[in-house]
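Colleague:
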Ligand code: SF4
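Residue numbers (my numbering), protein chains in the order written: chain A, 49 to 425; chain B, 2 to 262.
1) Comparing the C-beta of residue 93 of chain B with each C-beta of chain A, is any distance below 8 Å?
2) Ligand 1 and residue 151 of chain A: does the residue's C-beta get closer than 7 Å to at least one heavy atom of that ligand?
3) So residue 373 of chain A and residue 147 of chain A are in contact, right, with Cβ under 8 Å, and what is the actual spacing, rounded?
4) What do you reckon, are the CB atoms on residue 33 of chain B and residue 44 of chain B nearer than 8 Å?
5) Under the three-state reduction of DSSP, which class applies to residue 394 of chain A: helix, strand or coil?
6) Return the Cβ separation of residue 305 of chain A and residue 412 of chain A in integer angstroms, given the expectation that the two are a contact with Cβ distance under 8 Å.
7) How far does the beta strand (DSSP E) with residue 31 of chain B in it extend, from its first residue to its last?
8) Give the residues of chain A in contact with residue 81 of chain B, contact being defined as C-beta atoms less than 7 Å apart.
9) Could I get the ranges of all uninterrupted alpha helix (DSSP H) runs contained in the region 128 to 155 of chain A, with 4 residues as the minimum, in chain order?
10) Examine chain B for any beta-carbon lying closer than 8 Å to the beta-carbon of residue 417 of chain A, and answer yes or no.
11) Please report how far the alpha carbon of residue 71 of chain A lies from the alpha carbon of residue 172 of chain A, in whole angstroms.
12) Using a Cβ-Cβ distance cut-off of 8 Å, determine whether residue 255 of chain B contacts chain A.
13) Do residue 100 of chain A and residue 117 of chain A count as a contact pair if the criterion is CB distance below 8 Å?
14) Does the beta-carbon of residue 177 of chain B have 16 or more other beta-carbons within 10 angstroms, so that it is buried, or is it exposed?
15) By the DSSP assignment, the beta strand (DSSP E) with residue 67 of chain B in it spans what residues?
16) Rounded to whole angstroms, what is the Cα-Cα separation between residue 57 of chain B and residue 74 of chain B?
17) Tell me the start and end of each unbroken alpha helix (DSSP H) in the region 145 to 212 of chain A that is at least 4 residues and wholly inside, in chain order.
18) Are the C-beta of residue 413 of chain A and some C-beta of chain B separated by less than 8 Å?
19) What distance in whole Å lies between the Cβ atoms of residue 82 of chain B and residue 46 of chain B, which are believed to be in contact at a cut-off of 8 Å?
20) Using a beta-carbon distance below 8 Å, is residue 409 of chain A in contact with chain B?
21) Kindly list the residues whose CB is nearer than 8 Å to the CB of residue 272 of chain A, restricted to its own chain and excluding five residues on each side of it in sequence; keep chain order.
22) Could you tell me the boundaries of the alpha helix (DSSP H) in which residue 241 of chain A lies?
23) Report yes or no: is there a C-beta of chain D within less than 8 Å of the C-beta of residue 364 of chain A?
24) DSSP puts residue 109 of chain B in a beta bridge; with which residues?
25) For residue 329 of chain A, which residues of its own chain have a beta-carbon under 6 Å away from its beta-carbon, when the five flanking residues on both sides are left out?
26) By how many angstroms is the C-alpha of residue 212 of chain B removed from the C-alpha of residue 175 of chain A?
27) Can you say whether residue 414 of chain A is buried or exposed, counting buried as having 16 or more other CB atoms within 10 angstroms of its CB?
28) Any heavy atom of ligand 1 closer than 7 Å to the beta-carbon of residue 146 of chain A?
29) Check the Cβ of residue 116 of chain A against every Cβ in chain B and list those closer than 9 Å, keeping chain order.
30) Comparing C-alpha positions only, which one of B:70, B:102, B:138 sits nearest to residue 41 of chain B?
31) Between residue 93 of chain A and chain B, is the shortest Cβ-Cβ distance under 8 Å, so that the two count as touching?
32) Does residue 122 of chain B have its Cβ less than 8 Å from a Cβ in chain A?
33) Give me whichever residues DSSP pairs with residue 98 of chain A in a beta bridge.
34) Since residue 98 of chain A and residue 81 of chain A should fall inside the 8 Å C-beta cutoff, what is the C-beta to C-beta distance between them, to a whole number of angstroms?
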């Protein structure tokens, strides 16, 4: 078990080296994907390795010549990596209309990382009506076609369905790990859980599935840490949280029972149905309203209700907002979330995630005050 | 000797100590500039407070530390955050208070308190020093006056001018250019207080203003800030006789609960 977890930690701490090595060994193409909504299965079916782009653990330096310091950590770090030449192993990048900050990136990446393949999808906001679905299917078909041309390999219904089933298996296994934690909070540390999900974004799913199949029975043998104040964390759009913040939560006497984080339960939510029209099935997954995503512009679904449901289901005593600094989609919804948590009597605390500096002392004061409010002194 | 407990609040600029009796009476207190060594400051401040009573650390039944240096006080029996302590301390002085505005040396907080003195919710500005005690010191320095004088001259401001409230460094250079532009110190001083009031009002808005409202922390000693804030918020602020020791007092109250449940 420790061996597998170590592998996950190593990969997530330094994906560059591992991916370049993997590529060299397997002679396959590596395609970077914008986080959250892309149908990775299509890239997988084209015989390539889709990886979700990540935030490096270096401060942004040269990249600031190209991107404003008030962009979120992920976008700044991605640009910085491109400018520093750290992304040369990427054969391609697939972008989509995710948020305003992410929209200017393709030009910068094209100039500085010079990938051989680039595609930009216009994934729609969730307005009601059938035309959205038709349009989305067309976009996915367009991606499929361009990947076929780039890879020189046809994506058949069978191959796409095979990829879908590999991805679904991964979703199911990750959900199983989450169920274990829910059953026995403290069994899996916050930083371990994050590395488990994050590594899935950075390695072939077949291999990740194999590792999870080995890991799960081992995890079951562990005994959980003492029962403590139960909390749910949510937010963290597009990127990981500094593991030190997760450690801090636990060291102050809280246990994370569940989450609504992108590098968390959002990544594996909703399987894709197997069907004769796999592209349509992929579109159907995108059109699901839950988990609510602030980048999908769906004003009918209430994000707070969704988080409150997770809180109640897990009998959690409080919620920790993991807000990526300068992330407009999350910021736009935050006042509403905050107000509704208060209306429901759910204690909530805000932790702002910055890329370069984590002021751990201030974060400690916030979190410690929070636990004093919930659990007393 | 009857039971005695202490609360020590190690803030970014000053360290404060309160010695409390079993009957919750403040027996003595001390305020000291923190300096670079938190441990030394905590010990010195505590010793000073005890000296006036003729006792020493051994005579204390329980010590609670709070403030940014709280984790580094080896003789403390427990550490509690300043949020919880300011709430408890404000409730001690004014049981009817539901909102506490605490402006310290380098950060500011607004805390919602319940009738038992427990913090229920809070917002903090812990990212920058704008609008804090340090901000005031820098601005007074730029004007070439001391803090009391600054508060005094602002009373005589005739003209309404604005300085930005977002950054200590920018505000300082703004002040220098206002001085160069021929503005009087009194107008600038008033503008500085307004800037702080604007900032704190923004913070207060995030959790809502429920009366009665107390102000704690060293900045509550600045008449200029208090006047500007009362005007902007439209409420009267309750201010304890020594606002700087409210956190330490809260810590001492918690120490007393722990020692005598
Ligand atoms: S959605 Fe938020 S976190 Fe994601 S790229 Fe946009 S600003 Fe950054």
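C-beta atoms are modelled at their ideal positions from N, C-alpha and C, and glycine is treated no differently.
Modeller: To lay it out plainly:
1) no
2) no
3) The Cβ separation is near 14 Å, so there is no contact.
4) no
5) coil
6) About 21 Å; that fails the 8 Å criterion.
7) 27 to 34
8) 420, 425
9) 148 to 151
10) yes
11) 33 Å
12) yes
13) no
14) exposed
15) 63 to 67
16) 16 Å
17) 148 to 151, 153 to 160, 178 to 199
18) yes
19) Wrong, their Cβ atoms sit about 19 Å apart, outside the cutoff.
20) yes
21) 232, 233, 234, 235
22) 238 to 248
23) The chain inventory of the structure shown lacks chain D, comprising the protein chains A and B.
24) B:104, B:126
25) 320, 321, 323
26) 44 Å
27) buried
28) yes
29) Those within 9 Å of residue 116 of chain A in chain B number zero; the least Cβ separation is about 17 Å.
30) B:70
31) no
32) yes
33) A:79
34) 5 Å
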